[in-house]
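Everything on this sheet refers to the single structure shown next.
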Amino acid sequence: MIFIVVTKPILKFKMRFSFVFIFAFLYAGAACTQQKGDSLSKKEDGKNSLHFMVFGDWGRNGEDNQKETAQEMGIVAKSFKPAFIVSTGDNFYPNGVRSTRDHNWLASYEDIYTAHSLQTDWYVVLGNHDYKGNVQAEIDYSDIDRRWNMPARYYSKTVFIGGDSSQGVLLIFIDSTPCLSEYYENTEHNVRGQDTAAQRQWLEKTLAEAPAYIKWKFVFGHHPLWTGGGRMKAPEGIEMRKLFRPIFEKYRVDAYFSGHEHSLQYIKPAGYTSYFVSGAGSETTPVIVHPDGGVFAKSENGFMNIGLTTDKMEVSVIGYTGEILYNTVIQHKE
0 MIFIVVTKPI
10 LKFKMRFSFV
20 FIFAFLYAGA
30 ACTQQKGDSL
40 SKKEDGKNSL
50 HFMVFGDWGR
60 NGEDNQKETA
70 QEMGIVAKSF
80 KPAFIVSTGD
90 NFYPNGVRST
100 RDHNWLASYE
110 DIYTAHSLQT
120 DWYVVLGNHD
130 YKGNVQAEID
140 YSDIDRRWNM
150 PARYYSKTVF
160 IGGDSSQGVL
170 LIFIDSTPCL
180 SEYYENTEHN
190 VRGQDTAAQR
200 QWLEKTLAEA
210 PAYIKWKFVF
220 GHHPLWTGGG
230 RMKAPEGIEM
240 RKLFRPIFEK
250 YRVDAYFSGH
260 EHSLQYIKPA
270 GYTSYFVSGA
280 GSETTPVIVH
290 PDGGVFAKSE
300 NGFMNIGLTT
310 DKMEVSVIGY
320 TGEILYNTVI
330 QHKE
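Just so we're aligned: the sequence shown equals residues 0 to 333 in numbering that gives the first Met the number 0.
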């Protein structure tokens, strides 16, 4: 069992200014409602907050609006100043990477996400396309590139809101591809030999042993539990819900972020956990608002910005042209 815990020209200026204003004065309004510029006092920003970005399904040599999305991420991050960026997998299409010297590292990553504002820690999970290549090479690249962080196929990290050691945020990164039966039907995906039961035991143990100072719990993986995309009725969603939903509910995971579906979605089914799909880093695919708890869905390139205080989480969905596609504030549940 691997058990590693890391403690360590479409856009108008007015629209971008509105985005910066929202995040410069962090959070306001009721839970789960779209905000229109409401805010708390400026003192909530910076020292009492934590900002990060989430996106996925991006590695296409700059094509399918990957480069344009990366440019907008850099523009937004310059004001947003994320402490870290999370990739929800499918980092390199179509077949992952062959080694740490594969040209895809330059063509799809180093030469695309060049903005100074994006030179922060990236925490990365594996997707099914990554499993068509050399997964170990993506892990090993953590020793080559300063911002690329993938110490193992699954891992966790604790960060703190405003640097306050009493206000912890538990980040858990899971490896969902080997957990799903469809990837064992042929030899295209190199999933055999993974102990998925051990991974779930590790997940439960990590959540169960979370210290009292942990205020928020987030899990990141590649495959969604719910989606309004083309895989809405696919067996993989049923499997993901069976495997992980009981754990998320038992240990009160605040949100699960995934990719896989090439769209941007927010789904809040009955229960404790909120579900976000951020897989629009390059190619997009059709999507509808999920009929069971769907709140938002958009087939457009983009990413998600998350801002945290002790009692609120603000999620803004940003399109690749800089438009705010959706914004919501979720109150922390005690």
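Yeah, the Cβ is synthetic: ideal placement off N, Cα and C, and Gly gets one too.
With respect to the C-alpha of N189, the residue from G236, R97, F159 having the closest C-alpha is R97. The beta carbon of L170 sits closer than 6 Å to those of K156, F217, all from its chain and outside the five residues before and after it, given in chain order.
Check the Cα spacing between N133 and each of Y122, T99, L324: the tightest is with T99. Rounded to the nearest angstrom, the Cβ distance from V294 to I317 is 17 Å, too far for a contact under 8 Å. Your pair N148 and V123 checks out as a contact, with CB atoms roughly 7 Å apart and the cut at 8 Å. Straight across, the Cα-Cα distance linking E322 with E299 is about 11 Å. Between the alpha carbons of F83 and A69 lies a distance of about 15 Å.
The C-alpha of G126 is placed about 22 Å away from the C-alpha of T205. The criterion of a C-beta distance shorter than 7 Å is satisfied by H261 and G278. If only complete runs of 3 or more residues are kept, the segment 285-311 shows the beta strand (DSSP E) at 293-297, 301-307, in order along the chain. According to the DSSP assignment, I138 belongs to the alpha helix (DSSP H) that extends over 134-139.
The segment 102-120 makes no contact with the segment 236-256: fewer than 3 CB pairs, one atom from each, lie closer than 8 Å. The same chain holds no residue with a CB closer than 8 Å to that of A211 once the five nearest residues on each side in sequence are set aside. Annotation for V328: the continuous beta strand (DSSP E) segment containing it runs 323-330. Judged by DSSP secondary structure, V75 falls within the alpha helix (DSSP H) whose first and last residues are 65-79.
T283 counts as buried, since at least 16 other C-beta atoms from the protein chains shown sit within 10 angstroms of its C-beta.
Classified as exposed, Q135 has fewer than 16 neighbouring CB atoms from the shown chains inside 10 Å of its CB.
Contact between F54 and G229 fails: their C-beta atoms lie close to 19 Å from each other, not under 8 Å.
When secondary structure is reduced to three states using DSSP, Y274 falls in the strand class. For L224, same chain residues with a beta-carbon under 7 Å away, outside a window of 5 residues either side, are G236, M239, R240, F243, R244, Y255, Y274 in chain order. For I74, the closest of D144, H331, N326, T320 by C-alpha to C-alpha distance is T320. It is roughly 20 Å from the alpha-carbon of E67 to the alpha-carbon of P285.
Counting the other CB atoms within 10 Å of its CB gives S175 a total of 16 or more, which places it among the buried residues.
Of the residues L202, G306, N64, the one whose Cα lies closest to the Cα of Y250 is L202. Taken atom to atom, the span from the alpha-carbon of G292 to that of D129 is near 30 Å. A straight line joining the alpha-carbon of F302 with that of I213 spans about 26 Å. Just so you know, the alpha carbons of D310 and I160 end up roughly 11 Å apart. Between Q200 and P177, the C-beta gap is not smaller than 7 Å, which leaves the two residues out of contact. Boundaries of the alpha helix (DSSP H) harbouring I237: 234-249, taken from the DSSP string. Taking C-beta atoms under 8 Å as the contact rule, D89 and H221 qualify, at a distance of about 7 Å. Less than 7 Å divides the Cβ of S257 from the Cβ of T87.
In this structure, F79 places its C-beta atom within 7 Å of the C-beta atom of N304.
DSSP, reduced to helix, strand and coil, places Q200 within a helical segment of the structure shown.
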